[in-house]
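Protein chains in written order, with the numbering used here: chain A, -15 to 572; chain B, -15 to 572.
Yeah, the Cβ is synthetic: ideal placement off N, Cα and C, and Gly gets one too.
These numbers come from a predicted model, not from an experiment.
Heads up, the thing below is written out as structure tokens.
Protein chains: 2
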Amino acid sequence: MTKTDQRLAAVRGAMRVQNLDGFLVPRADEHLGEYVPPSAERLAWLTGFTGSAGLAVVLAERAAVFTDGRYTLQLAAQSDASLFEFRHLVENPAPAWIASHTSAGARIGYDPMLISEDGLAKYTEAGLTLVAASPNPVDAAWTDRPPPPAATAVPQPLRYAGKSSAEKRAEIAASLRAAKQDAAIVSDPASIAWLLNIRGGDVAYTPFALGFMLIEADATAILFMDPAKLSPATSEWLGNGVSVRGRDALEPALAGLGGKRVAVDASGSPAWFAQRLREGGARVVDAADPCALPKARKNAVEQDGARAAHRRDATAVCRFLHWLDGAARHTTEIGAAQRLLALRAEAAEFRGESFPAISGAGEHGAIIHYRVSEESDRPIRPDETYLIDSGAQYPDGTTDVTRTVWTGPGPAPAELRDRVTRVLRGHIALATAVFPEGVAGPHLDAFARRALWDAGLDYDHGTGHGVGSFLSVHEGPASISRAGRMVPLAEGMILSDEPGYYLPGAYGIRLENLLLVQRADRPGANKPFLHFETLTLAPFDRRLIDETLLTAPERTWLDAYHARVLDQVGPALDAEARAWLEGACRPL
Amino acid sequence: MTKTDQRLAAVRGAMRVQNLDGFLVPRADEHLGEYVPPSAERLAWLTGFTGSAGLAVVLAERAAVFTDGRYTLQLAAQSDASLFEFRHLVENPAPAWIASHTSAGARIGYDPMLISEDGLAKYTEAGLTLVAASPNPVDAAWTDRPPPPAATAVPQPLRYAGKSSAEKRAEIAASLRAAKQDAAIVSDPASIAWLLNIRGGDVAYTPFALGFMLIEADATAILFMDPAKLSPATSEWLGNGVSVRGRDALEPALAGLGGKRVAVDASGSPAWFAQRLREGGARVVDAADPCALPKARKNAVEQDGARAAHRRDATAVCRFLHWLDGAARHTTEIGAAQRLLALRAEAAEFRGESFPAISGAGEHGAIIHYRVSEESDRPIRPDETYLIDSGAQYPDGTTDVTRTVWTGPGPAPAELRDRVTRVLRGHIALATAVFPEGVAGPHLDAFARRALWDAGLDYDHGTGHGVGSFLSVHEGPASISRAGRMVPLAEGMILSDEPGYYLPGAYGIRLENLLLVQRADRPGANKPFLHFETLTLAPFDRRLIDETLLTAPERTWLDAYHARVLDQVGPALDAEARAWLEGACRPL
């Protein structure tokens, strides 16, 4: 009997205790976040699969793991096909699979802390009977589960945050009162970090402290977090308006809100909150996390911080690209990623990577979320593409940049240059867009695709995501994606612009800069307009660009961008690297 | 006491009988359609306001009429400001207005046949107590209400419909079974007309017969319609699978569906249906009208019909533009619209206009939904713009075309030509778009706006709407509009492409063709792609185009389009008109 056999049997045993015919094991923690602590890696514990999107369904006689196209191969490699069927999350959704393998009225258990009310609705709409399990059968079976993380939370000083927590809380409270809400649940640790001007280290890549918060219409807040994570100085920094209570105090606090109108995000917060609140007699209002939008709109100090962080990051990226230009053929994917990390780490302000770098040579570049491992690592070879998508955390800002280079020494093939140039044209089309207030990311996504679409080509990912300020590299609520929510873009938002093109087995192309939304009022404009300021500073590899395919305005944009890169980054480089950058940034 | 005074008092009297503190009077009929019969013009009867979008709210002591920006002036002119407050439908929504003028728990009446469940939700979400009124207090007070229309319904022959009703019903039934639905309510008369291959004449502009339908998973249907509207031949045409019952049989039929899963469109069907079904023990499923999508995807016969209808229509439009070029300065807005109508009516297949023509000279063109009246009519003058937006119904297709011309004899001002050229560039950008399956109209809308956005300009309407096949000129479910639903564009859909620009008090520009969605697979494409075939054939006024602002591909497109117009329309014209068209269509 394998370890997985034993775990599966133990979970089924715990299910039987609760008379459950099935149980859902999503890859999720209690904050429904992207990066989860080891204590919440239930899916990996049960199935071996470590991808960032997935769900296991355990029935009495069979089980399945669902994931998306990014992870199909990884799932097959990590998980045991004799114990789990492998299914596509979207094409073969779990609710239909469960319905086809259970009889009517079967009791399907779920952990209400690990799924939102909107997530639950997909199951109940399929006619399934969902039952909140307590305890979670995985937790019951997982005897050596790690403790929850307990990293220390620290103040985020005003010189980076730009606005005091008291001021932010007053604004959030005013928005609650305007919506006739008495309080709001905040389950996203990034929102707590933003609102309270604190940062932490409970999960990888995103510098927040795990916890929950109740913000009330009088501008006070209760932070539910192990008080041991807060030093006396941090507790004092939180101020009088914020009281700190342990995680155990959460349920009684919700029970005490009877009769109040409490906002809970039905898609972003665990269903547990609305369930407990309703039980306690509160009136639950489905409303977005009240911090999400103000957090996304960076204030002037945060915008300046973002610019400084990007200049600093650009120095490392340009040094890396220079190094790569000579050393590419003597290193590997891991070697290159480590070199970039080391160059970034030279900055005193460096606080870590903002996500695991994607470092893919040749055919590995075509795997959109490729994560190099010791097993997959390979040399970067002559005359192929190399794609590096990486980012860093600095106290004044979060970065995320992708470049695709040609290793040479021979010239890049014409078809590849055609594809790269189409991706670049899409990148430029979005970067130069001018649009009125009210326009949302899904309305602009096609700008970045048109040059590819014209050739019958496309890429199967969104064009851009929001980016936090020394917070999540993937931050809501806005995005530039067809599947994204209709959140109007607004001044101060930071979004990525990262079209790509992938030829499986051959190469991948992605060109990514971060963009900052700014006012762009035109003389005689008949409404307020916005446009983008490009934050990222790094040359695009001219060996991959077919300049004859660019329009005159596109060429002008690229030359001006390269001149700006040289102007802003050049002075920070040594003579050799500067000379290289001058060549990389000379007009086409 | 004015007539309106008396009517308002009578409605309030009828409200008191039902103990109602308020009552909603939307501009709607029982099909929630765009064109309503005189018997359903309750808003106009009560308030005098005849706009196509509006709502009156009658409270005990005050009343208000809500409409949108299109109708602000018309509302003020038609309605009595001493009896009604005038409010903006979107900026000052009715639910908030009611909440601020009533005490908690006030009973707000509504007619469940005149509002959808989604429409009702806006009121209940504002905390209001909604009460289904019976009878409608307006109907109780409206003693000389006209009878419902009773135009004869006739078969739509297979040579136009392209597919038999039995085949269509089998497909719809299969889709119901796939969704595990036993039956679906169809309240949209256009869906009934499409599914049963019949047409009628109960309302202006759209050739359908008012009625309701229940389609069941066994492919049978019950048509609830006054049998007197169906001749024996039409009854026979409906076939065995369709039974016809009077309107009175509707409620008992719904009551008989206890235990069944019945699909009702919560946004498109009156709330009455779901309410009656639930009362009768049916399980109501919120699902889009099952005919909406297949109706929108024209089959090959309908596509050929559309092409024939557009060639026929183009003959009239080109003759009109030729006539206008000489006569513009001797006619008026009404005169021009009548001339175009007369030219269209020369075709044996002409069945009427598809909507009231918008015929606006100079500053009238800036009124987006301008409808010329005897009072507003004015001469078309030298050296100004003239905008004509019109369409026709033919048994093989529905048309909708807008052109903006310069009356001359002087040259058009440079700023105007700049604006027209930007609108034209937007029109071309959409018309030439190539895009993968799965893309919806809201994703493409920005293509039509970019040239305007670049100059800080925009237009406050959608870019395109669906068009029926000898049916509604505004047909769902797809559209090309930021506010539109996310319905992927699909082969066979017909949509308008009509960007514009409006300078209030000066001029209006709109350039509209209809586009047919077609497959556009490219060699080496990595997924199925679509593109547009332009159906409309009429020259764009070159006097308004600044060709120096066009890119080479745009100019190539325009020259090729004009060559096609000349090729397809020229042979149907007399020598003089053909000579004019040759000039209008010569290369730039």
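Taking residue i as the query, report the chain A residues whose CB atoms sit under 8 Å from its CB, ordered along the chain.
| i | result |
| --- | --- |
| residue 126/B | Within 8 Å Cβ-Cβ: nothing; residue 126/B doesn't reach chain A, min ~37 Å. |
| residue 437/B | 417, 418, 419, 420 and 513 |
Mind listing the chain B neighbours of residue i? Cutoff is C-beta to C-beta under 8 Å, in chain order.
| i | result |
| --- | --- |
| residue 510/A | 440, 441 and 442 |
| residue 466/A | 422, 423, 424 and 427 |
What I want to know is whether the C-beta of residue i ends up closer than 6 Å to one or more non-hydrogen atoms of the ligand HEM.
| i | result |
| --- | --- |
| residue -12/B | Absence of the ligand HEM is noted for the structure shown, with no ligands found whatsoever. |
Roughly how far, in whole angstroms, is the beta-carbon of residue i from the beta-carbon of residue j, given that I think they are within contact range, below 8 Å?
| i | j | result |
| --- | --- | --- |
| residue 582/A | residue 91/A | The requested residue 582/A is not part of the displayed model; chain A covers only -15 to 572. |
| residue 57/A | residue 254/A | Not really, about 31 Å apart at Cβ, beyond 8 Å. |
| residue 353/B | residue 71/B | Contact flag wrong, Cβ pair sits at about 19 Å. |
| residue 414/A | residue 367/A | Actually they are not in contact, since the Cβ atoms of residue 414/A and residue 367/A sit about 30 Å apart, beyond 8 Å. |
| residue 401/B | residue 529/B | 7 Å |
| residue 244/A | residue 267/A | 7 Å |
| residue 485/B | residue 349/B | Actually they are not in contact, since the Cβ atoms of residue 485/B and residue 349/B sit about 10 Å apart, beyond 8 Å. |
| residue 297/B | residue 387/B | The Cβ separation is near 12 Å, so there is no contact. |
| residue 175/B | residue 275/B | 4 Å |
| residue 506/A | residue 514/A | Going by Cβ atoms, the distance from residue 506/A to residue 514/A rounds to 11 Å, so no, they are not a contact pair. |
| residue -2/A | residue 116/A | Rounded, the Cβ-Cβ distance is 14 Å, inconsistent with contact. |
| residue 63/A | residue 49/A | 6 Å |
| residue 133/A | residue 194/A | 7 Å |
Considering just the uninterrupted stretch of the alpha helix (DSSP H) at residue i, what are its terminal residues?
| i | result |
| --- | --- |
| residue 269/A | Residue 269/A -> not in any alpha helix (DSSP H); beta strand (DSSP E) instead, spanning 267 to 270. |
| residue 319/B | 317 to 329 |
| residue -4/B | -13 to 1 |
| residue 78/B | 78 to 85 |
| residue 230/A | Careful: residue 230/A lies outside any alpha helix (DSSP H) and carries neither H nor E. |
| residue 219/A | 216 to 222 |
| residue 545/B | 536 to 553 |
| residue 107/A | 101 to 108 |
Quick one: which chain A residues come within Cβ less than 9 Å of residue i?
| i | result |
| --- | --- |
| residue 431/B | 430, 431 and 434 |
Distance, Cα to Cα, residue i vs residue j?
| i | j | result |
| --- | --- | --- |
| residue 252/B | residue 206/B | 19 Å |
| residue 261/B | residue 228/B | 20 Å |
| residue 332/B | residue 293/B | 12 Å |
| residue 181/B | residue -7/A | 59 Å |
| residue 569/A | residue 454/A | 29 Å |
| residue 14/A | residue 171/A | 8 Å |
| residue 325/B | residue 301/B | 9 Å |
| residue 312/B | residue 496/B | 20 Å |
| residue 392/A | residue 370/A | 11 Å |
| residue 100/B | residue 67/B | 27 Å |
| residue 546/A | residue 478/A | 21 Å |
| residue 84/B | residue 25/B | 28 Å |
What span of residues does the beta strand (DSSP E) with residue i cover, start to end?
| i | result |
| --- | --- |
| residue 479/A | 478 to 481 |
| residue 41/B | 39 to 43 |
| residue 373/B | 369 to 374 |
| residue 113/B | 113 to 116 |
| residue 48/A | 47 to 51 |
| residue 344/B | 342 to 345 |
| residue 121/A | Taken as a continuous stretch (DSSP letters only), residue 121/A belongs to no beta strand (DSSP E), being part of the alpha helix (DSSP H) at 121 to 125. |
| residue 240/B | Where residue 240/B is concerned, there is no enclosing beta strand (DSSP E), given that its DSSP letter is neither H nor E. |
| residue 450/B | 448 to 450 |
Taking C-beta pairs closer than 7 Å, name the residues in chain A that residue i reaches, listed in chain order.
| i | result |
| --- | --- |
| residue 506/B | 439 and 440 |
| residue 426/B | 426 and 427 |
Uninterrupted beta strand (DSSP E) stretches inside the region 139 to 204 of chain B (no shorter than 3 residues): List check, beta strand (DSSP E) in window: 167 to 170 and 196 to 200.
Alpha helix (DSSP H) runs contained entirely in the region 378 to 436 of chain B, provided each spans 4 or more residues: Here the runs fully enclosed are 398 to 415 and 425 to 428.
Entirely enclosed alpha helix (DSSP H) segments - the region 252 to 315 of chain B, minimum 4 residues: Within the region 252 to 315 of chain B, the complete alpha helix (DSSP H) segments of 4 residues or longer fall at 255 to 263, 276 to 280 and 284 to 311, listed in chain order.
Length-filtered (3 minimum) beta strand (DSSP E) runs lying within the region -3 to 31 of chain B: With a minimum length of 3 residues, the continuous beta strand (DSSP E) runs that stay inside the region -3 to 31 of chain B are 6 to 10.
Start-end ranges of the beta strand (DSSP E) lying completely within the region 473 to 518 of chain B, minimum 3 residues: Within the region 473 to 518 of chain B, the complete beta strand (DSSP E) runs of at least 3 residues are 478 to 481, 484 to 487, 491 to 494, 497 to 503 and 513 to 518.
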